[in-house]
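Q: Using our numbering, the letters of the sequence shown correspond one by one to residues 825 to 928.
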Amino acid sequence: ADAGVPTRDLVVACTAGTLGRKLAVDLNREEEMAGGAQLTLAMLAGARKVTLLEVESKVPDGMFEPLYEMALAGCDALVQQMKACLLEHATQSFSLRMSLRSGQ
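Here's what the structure looks like:
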């Protein structure tokens with residue numbers, strides 16, 4: 825979580841696609857190979873700027889917006905997990921540094 829390189833934002837990405845007539849988020853390889861419509865979305869989390877939008881196959885009429893919204897929701901869920909992990913790491917690092925400084 826700490827490569828020693830300052831960053832301005834988190835980058836997060838998620839896929840959404842169709843499995844038959846159902847929508848799915850975060851497709852696995854088998855689901856990707858099923859041949860349904862598939863969309864990959866990457867964004868800067870804090871700025872909420874889309875940095876990549878890739879469509880792997882023809883999207884049926886009326887399905888683009890729901891797929892886009894589902895991928896966006898997937899990104900939002902991932903951002904929450906990433907922030908929680910980063911906060912936990914930072915808290916542990918801070919506690920360790922404070923322990924070392926106090927000699928305990």
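All C-beta atoms in this analysis are idealised placements derived from N, C-alpha and C, irrespective of residue type, glycine included.
None of these values were measured; they are calculated from a predicted model.
With burial defined as no fewer than 16 other Cβ atoms inside 10 Å of the residue's Cβ, what is the status of leucine 910: buried or exposed?
A: exposed
Q: Between the beta-carbon of valine 849 and the beta-carbon of methionine 906, is there less than 8 Å?
A: no
Q: Beta-carbon separation of threonine 839 and alanine 861 under 8 Å?
A: Contact flag unset, no.
Q: Using the beta-carbon count (16 or more within 10 Å), is methionine 857 buried or exposed?
A: exposed
Q: At the level of alpha carbons, what is the spacing between alanine 895 and leucine 863?
A: 8 Å
Q: Short of 7 Å in beta carbon distance, which residues of its chain neighbour lysine 873, apart from the five on each side in sequence? Order them along the chain.
A: Cβ neighbours of lysine 873 beyond the five flanking positions: Met867.
Q: Below 8 Å between beta carbons: does that hold for aspartate 833 and glycine 859?
A: no
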